[in-house]
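Asker: Dropping the structure in here first, questions after.
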Amino acid sequence: MSKTIIITGGAGFIGSHLVRLFVNKYPQYTIINLDALTYAGNLENTRDIEEKSNYIFEKANILDAPQLEKIFSKYNPDGVIHLAAESHVDRSILSPLDFVYTNVIGTVNLLNACKTLWGQSGNYEGKRFYHVSTDEVYGALGDTGFFTESTKYDPHSPYSASKASSDHFVRAYHDTYGLPIVISNCSNNYGPNHFPEKLIPLFINNCLNKKPLPVYGDGLYTRDWLFVKDHATAIDAAFHHGKNGDTYNIGGFNEWRNIDLVKLLCKLVDEKSGRPAGESEQLITYVKDRPGHDRRYAIDASKINKELGWKPSVTFEEGLSQTIDWYLANTEWLNHIVSGEYQAYYSLQYNR
Ligand code: NAD
Ligand code: DAU
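First residue of the sequence shown: 103, per my numbering; consecutive thereafter.
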């Protein structure tokens with residue numbers, strides 16, 4: 103069956119992997135990548151698919167409601183998969199309002215565009231608004247336990263507060279106006295094309311350039327890591343087969359303490375770049391903690407495993423190895439990003 107789907111944030115990290123999956127897997131669909139190309143958006147991420155006949159790029163800002171309305175009436179989409187966001191916790195500490203604008207107001211603008219367009223026909227048959235969210239809305243765990251779909255929201259950072267708010271708006275449009283929606287809350291992603299401000303790509307970049315690896319606090323914070331291509335297949339499953347109005351937690355039951363992950367990363371970089379064992383580990387530097395730092399995240403992904411038959415395809419060791427290989431093979435991509443504006447952000451970040 104043919105469908106027209108708008109994917110927002112498709113020039114970013116996860117969005118570009120999702121757009122590629124959909125463009126290649128569903129040649130009968132038309133995929134519109136709607137992205138404002140902020141500092142995090144990069145058309146180099148989708149270079150390999152830009153000539154495909156079922157792919158269209160629209161440069162647009164989700165804060166511009168009239169522009170969204172024009173794009174929605176031009177393409178008449180059957181579905182929206184919404185990933186466009188400000189996504190970095192540290193930036194949200196420096197500049198919370200940007201997160202309110204994009205993540206909250208931008209999401210409501212998109213919900214309105216769907217409601218206006220789809221409401222005209224009087225029924226929402228075959229339509230779906232899919233919201234890509236995060237496990238950070240659930241707050242922090244102690245030493246044990248998992249986030250399930252019924253865990254109470256308890257966000258702590260401006261980023262997670264803005265994502266929690268956007269999730270509530272999506273549910274409110276379902277409950278109030280009957281908009282067909284699905285939400286997924288995913289754990290930490292890693293993989294190719296990850297912007298080098300987040301832990302894994304930042305540390306790969308710093309290792310390659312023999313710069314310090316700034317571990318926040320005691321390094322014993324725990325995150326649950328999922329390979330980005332596995333997140334894309336989970337979204338595919340939940341977009342097509344998820345139940346209207348439902349939430350799905352996405353994760354790979356793959357918890358790592360930051361310091362253990364960083365040591366594994368250093369070992370792999372040394373092996374792959376022919377350095378003496380232990381050289382990169384010497385770059386580890388403990389620095390001042392992130393304010394409001396959540397101690398531990400861990401996703402219970404049983405619902406999506408059982409109901410939709412989705413499972414991750416790679417182990418962490420395989421995924422991390424593929425990721426480091428990708429960065430070693432794509433130094434031009436990396437060097438392009440870490441010049442210019444990136445430098446200004448880093449001096450601000452580490453002098454806070
Ligand atoms: P990213 O920062 O790499 O990409 C965000 C994209 O959104 C960029 O292409 C950017 O240009 C675009 N964008 C930002 N503001 C926009 C605006 N106003 N209008 C249009 N486009 C705009 O983010 P990511 O890591 O790929 O995350 C994508 C989504 O997945 C986000 O909603 C994030 O909250 C969620 N998520 C991320 C992770 C993770 O580990 N990265 C985990 C769970 C959920
Ligand atoms: O859990 C899902 C979330 O994962 C997503 O919703 C966010 O968009 C995504 O950015 C990510 O958030 P985190 O804050 O967990 O990711 P980050 O890579 O920034 O940090 C991972 C851990 O590493 C965290 O405990 C903080 C720590 N850290 C991070 C950086 C950048 C460091 O110790 N040093 C660093 O320099």
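Yeah, the Cβ is synthetic: ideal placement off N, Cα and C, and Gly gets one too.
Taking contact to mean 3 or more Cβ pairs, one atom from each stretch, closer than 8 Å, check whether the region 394 to 401 and the region 299 to 310 are in contact.
Answerer: Verdict: no, contact absent.
Asker: Just tell me which of 281, 129 and 422 has its CA closest to the CA of residue 218.
Answerer: As a first step, residue 218 is located in the sequence shown; it is residue number 116 there, counting from the start. Among 281, 129 and 422, the Cα nearest to that of residue 218 belongs to 281.
Asker: Which residue comes first and which comes last in the beta strand (DSSP E) that contains residue 235?
Answerer: Working through the sequence shown from its first residue, we reach residue 235 at position 133. Run containing residue 235: 230 to 236, per the beta strand (DSSP E) assignment.
Asker: In terms of residues, what are the limits of the alpha helix (DSSP H) holding residue 433?
Answerer: Counted from its first residue, the sequence shown places residue 433 at position 331. 433 to 439 is the span of the alpha helix (DSSP H), which, as asked, contains residue 433.
Asker: Which residue wins for smallest C-alpha separation from residue 175, given the options 296, 422, 235 and 220?
Answerer: As a working note, residue 175 is residue 73 in the sequence shown. For the residues 296, 422, 235 and 220, the minimum Cα distance to residue 175 belongs to 220.
Asker: Kindly indicate the opening and closing residues of the alpha helix (DSSP H) around residue 278.
Answerer: On the sequence shown, position 176 is the one that residue 278 refers to. Counting along the chain, the alpha helix (DSSP H) containing residue 278 begins and ends at 260 to 279.
Asker: Can you give me the C-alpha to C-alpha distance between residue 295 and residue 149, rounded to a whole angstrom?
Answerer: Locating residue 295 in the sequence shown gives position 193, where the first residue counts as 1. Locating residue 149 in the sequence shown gives position 47, where the first residue counts as 1. Those two C-alpha atoms are separated by around 12 Å.
Asker: Going by C-alpha to C-alpha distance, which of 112, 123 and 146 sits closest to residue 435?
Answerer: Your numbering for residue 435 matches position 333 in the sequence shown. Of 112, 123 and 146, the residue nearest in Cα terms is 146.
Asker: So, with DSSP's three-state summary, where would you put residue 184?
Answerer: Along the sequence shown, read from residue 1 onward, the residue named residue 184 stands at position 82. Note: residue 184 maps to strand in three-state DSSP.
Asker: Between the C-alpha atoms of residue 314 and residue 132, what's the straight-line distance to the nearest angstrom?
Answerer: Counted from its first residue, the sequence shown places residue 314 at position 212. Counted from its first residue, the sequence shown places residue 132 at position 30. Each residue's Cα considered, the two are about 45 Å apart.
Asker: Assuming residue 429 and residue 303 are in contact, meaning their beta carbons sit under 8 Å apart, how far apart are those beta carbons, in whole angstroms?
Answerer: Mapped onto the sequence shown, residue 429 falls at position 327. Mapped onto the sequence shown, residue 303 falls at position 201. Sure, about 7 Å apart at Cβ, within 8 Å.
Asker: What is the DSSP secondary structure of residue 141, reduced to helix, strand or coil?
Answerer: Sequence index remark: in the sequence shown, residue 141 carries index 39 (1-based). Here residue 141 sits in coil by DSSP.
Asker: Who are the near neighbours of residue 113 in its chain, counting only those whose CB is closer than 7 Å to its CB and skipping five residues on each side?
Answerer: One-based indexing of the sequence shown puts residue 113 at position 11. 135, 137, 139, 143, 144, 145, 147 and 148.
Asker: Which one of 432, 374 and 418 has the shortest CA to CA distance from residue 298?
Answerer: Residue numbering aside, residue 298 sits at position 196 when the sequence shown is read from its first letter. Among 432, 374 and 418, the Cα nearest to that of residue 298 is on 432.
Asker: Find the nearest neighbour of residue 127 within the set 375, 319, 410 and 334, judged by alpha-carbon distance.
Answerer: Counted from its first residue, the sequence shown places residue 127 at position 25. It is 334.
Asker: Under a Cβ-count criterion, where at least 16 other Cβ atoms within 10 Å of its own Cβ denotes burial, should residue 450 be classed as buried or exposed?
Answerer: For this step, residue 450 is matched to residue 348 along the sequence shown. Under this definition residue 450 is an exposed residue.
Asker: Just to confirm, are residue 180 and residue 188 a CB contact at a threshold of 8 Å?
Answerer: Along the sequence shown, read from residue 1 onward, the residue named residue 180 stands at position 78. Along the sequence shown, read from residue 1 onward, the residue named residue 188 stands at position 86. Contact: no.
Asker: Leaving aside the five residues before and after residue 423 along the sequence, list all residues of the same chain whose C-beta is less than 7 Å from its C-beta, in chain order.
Answerer: Taking the sequence shown and counting its residues from 1, one reaches residue 423 at position 321. If we look at residue 423 and ignore the five residues flanking it on each side, its Cβ neighbours are 370.
Asker: Please report the distance separating the alpha-carbon of residue 85 from that of residue 259.
Answerer: One cannot answer for residue 85 here, as it falls past the ends of the chain, which runs 103 to 454.
Asker: Exposed or buried, which one is residue 414 when buried takes at least 16 other CB atoms within 10 Å?
Answerer: As a first step, residue 414 is located in the sequence shown; it is residue number 312 there, counting from the start. It counts as buried.
Asker: Would you report the Cα separation of residue 327 and residue 275, rounded to the nearest angstrom?
Answerer: On the sequence shown, position 225 is the one that residue 327 refers to. On the sequence shown, position 173 is the one that residue 275 refers to. If I take the Cα positions, the gap works out to 31 Å.
Asker: Is DSSP giving residue 151 helix, strand or coil here?
Answerer: Here residue 151 refers to the residue found at position 49 when the sequence shown is read from its first residue. Reduced to three states, the DSSP call for residue 151 is helix.
Asker: Nearest-angstrom Cα distance between residue 343 and residue 284?
Answerer: Locating residue 343 in the sequence shown gives position 241, where the first residue counts as 1. Locating residue 284 in the sequence shown gives position 182, where the first residue counts as 1. Going by the C-alpha atoms only, they are around 10 Å apart.
Asker: Anyone know if the C-beta pair for residue 236 and residue 262 falls short of 8 Å?
Answerer: By one-based count along the sequence shown, residue 236 stands at place 134. By one-based count along the sequence shown, residue 262 stands at place 160. Cβ distance < 8 Å, so residue 236 and residue 262 count as in contact.
Asker: Could you tell me the boundaries of the alpha helix (DSSP H) in which residue 195 lies?
Answerer: For the purposes of this step, residue 195 is taken as the residue at position 93 of the sequence shown. Residues 191 to 196.
Asker: Within the continuous alpha helix (DSSP H) that includes residue 124, where are the two ends?
Answerer: As a working mapping, residue 124 is identified with position 22 in the sequence shown. It spans 115 to 127 - the alpha helix (DSSP H) in which residue 124 sits, taken as one unbroken run.
Asker: Which same chain residues end up closer than 6 Å to residue 190 when comparing Cβ atoms and leaving out the 5 residues on each side of it in sequence?
Answerer: The count along the sequence shown starts at 1 and reaches residue 190 at position 88. 299.
Asker: Only counting the same chain, and skipping five residues up and downstream in sequence, which positions put a Cβ closer than 6 Å to that of residue 354?
Answerer: As a first step, residue 354 must be located in the sequence shown, where it is residue number 252. These residues qualify, in order along the chain: 328 and 414.
Asker: CA-CA distance, residue 356 and residue 289?
Answerer: The residue labelled residue 356 in the question sits at position 254 within the sequence shown. The residue labelled residue 289 in the question sits at position 187 within the sequence shown. Their backbone Cα atoms lie some 10 Å apart in a straight line.
Asker: To the nearest angstrom, how far is the alpha carbon of residue 347 from that of residue 233?
Answerer: On the sequence shown, position 245 is the one that residue 347 refers to. On the sequence shown, position 131 is the one that residue 233 refers to. The straight-line gap from Cα to Cα measures roughly 11 Å.
Asker: With a Cβ-Cβ cutoff of 8 Å, do residue 341 and residue 230 count as a contact?
Answerer: Counting from one through the sequence shown, the residue named residue 341 turns up at place 239. Counting from one through the sequence shown, the residue named residue 230 turns up at place 128. Going by C-beta atoms, residue 341 is nearer than 8 Å to residue 230.
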